[in-house]
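Below is one structure, written out as structure tokens; the observations come after it.
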Amino acid sequence: MFVESTDLDALIFDFDGVLTDNRVLVFSDGTEAVVCNRADGLAFDHFRAVGFPVYIVSTETNPVVRARGAKLQVPVIDSVSNKDVAIRSLCEDNGHVPERLMFVGNDLNDLPAMGIVGYPVAVADAHPRVISSASHVLSRKGGEGVARELMESVINFNAPG
1107 MFVESTDLDA
1117 LIFDFDGVLT
1127 DNRVLVFSDG
1137 TEAVVCNRAD
1147 GLAFDHFRAV
1157 GFPVYIVSTE
1167 TNPVVRARGA
1177 KLQVPVIDSV
1187 SNKDVAIRSL
1197 CEDNGHVPER
1207 LMFVGNDLND
1217 LPAMGIVGYP
1227 VAVADAHPRV
1237 ISSASHVLSR
1247 KGGEGVAREL
1257 MESVINFNAP
1267 G
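The opening residue of the sequence shown carries number 1107 in the numbering used here; numbering runs sequentially from there.
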């Protein structure tokens, strides 16, 4: 285990490249689609069942992000230009402390968010600078069940407290 759940206020995911494999399908009418991993759905069910706060923060302005968040019953903060600013606002609104947050990212625009949280995590196929900024690198690539790996191998939900 990397961290006890009792040491965390919340878990925050980037969307593209973390909960997806970072590819996008663009249809002739301009609509976009992404592929998500169903194994993550079970992890989000677990997080909710144990009362663990989870959020998705994305720079994207895309209905697919909000739709996936709604299906997972996870609050989505999208269309943000600075993820660190969005996370600080999230902390103020919800009584979280940045040092007690885990953020999972994959790309350069995640670095500011990773710099303010206590537990910065990178997916296996993250940009090299993101990997070097992470305190933990997952064995799974984005879209391969990242939330599931966190639930099963990284965050200990059986800790006393």
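All C-beta atoms, glycine included, are put in the ideal place defined by N, C-alpha and C.
Per-residue burial, residue i [other beta carbons within 10 Å of its own, 16 or more giving buried]
i       : result
Gly1201 : exposed
Lys1177 : exposed
Val1109 : buried
Asp1190 : buried
Selected residue, minimal CA-CA separation from residue i, among the options
i       : options                            : result
Cys1142 : Thr1126, Gly1157, Ala1149          : Thr1126
Arg1129 : Leu1196, Glu1250, Arg1254          : Glu1250
Ser1164 : Ala1232, Ala1219, Glu1255, His1233 : Ala1219
Val1170 : Asp1122, Val1186, Asp1135, Phe1209 : Asp1122
Gly1248 : Val1227, Ile1261, Arg1235          : Val1227
Ala1253 : Gly1136, Val1180, Ser1134          : Val1180
Met1208 : Ser1238, Val1260, Ala1232          : Val1260
Ile1222 : Gly1147, Gly1175, Asn1188          : Asn1188
Ser1111 : Ala1139, Arg1206, Ala1145          : Arg1206
Leu1214 : Val1124, Val1140, Ser1195          : Val1124
Asp1113 : Ser1245, Phe1158, Val1243          : Phe1158
Val1140 : Ala1155, Asn1168, Gly1147          : Asn1168
Between the CA atoms of residue j and residue i - distance to the nearest angstrom
i       : j       : result
Phe1119 : Ala1230 : 14 Å
Asn1212 : Tyr1225 : 14 Å
Asn1264 : Ile1183 : 29 Å
Ile1237 : Glu1258 : 21 Å
Arg1235 : Asp1216 : 10 Å
Gly1267 : Val1132 : Because Gly1267 carries a pLDDT of 49, less than 50, the predicted location of this residue cannot be relied on, and the following value inherits that uncertainty. Taking the straight line joining both Cα atoms gives about 47 Å.
Thr1137 : Arg1144 : 22 Å
Arg1154 : His1233 : 30 Å
Backbone secondary structure at residue i - three-state DSSP
i       : result
Pro1204 : helix
Leu1106 : Within the shown structure, residues of the chain are numbered from 1107 to 1267, placing residue 1106 beyond reach of any answer.
His1242 : strand
Phe1263 : coil
Nonlocal neighbours in the same chain, by C-beta distance under 7 Å from residue i, ignoring five residues either side
i       : result
Val1203 : Asp1115, Cys1197
Same chain, Cβ closer than 6 Å to residue i, five either side skipped, listed in chain order
i       : result
Ala1240 : Pro1226, Val1227, Ala1228
Tyr1161 : Ile1118, Pro1181
Close Cβ partners of residue i (< 8 Å) along its chain, the five nearest in sequence each way excluded
i       : result
Val1186 : Val1163, Ser1164, Thr1165, Ala1192
Leu1244 : Val1210, Val1227, Ala1228, Val1229, Ala1230, Val1252, Glu1255, Leu1256, Val1260
Phe1150 : Val1160, Leu1178, Gln1179, Val1180, Ala1253
Cβ-heavy atom distance, residue i to the ligand SAM, below 7 Å
i       : result
Ala1240 : Among the components modelled here there is no ligand, and therefore nothing to report on the ligand SAM.
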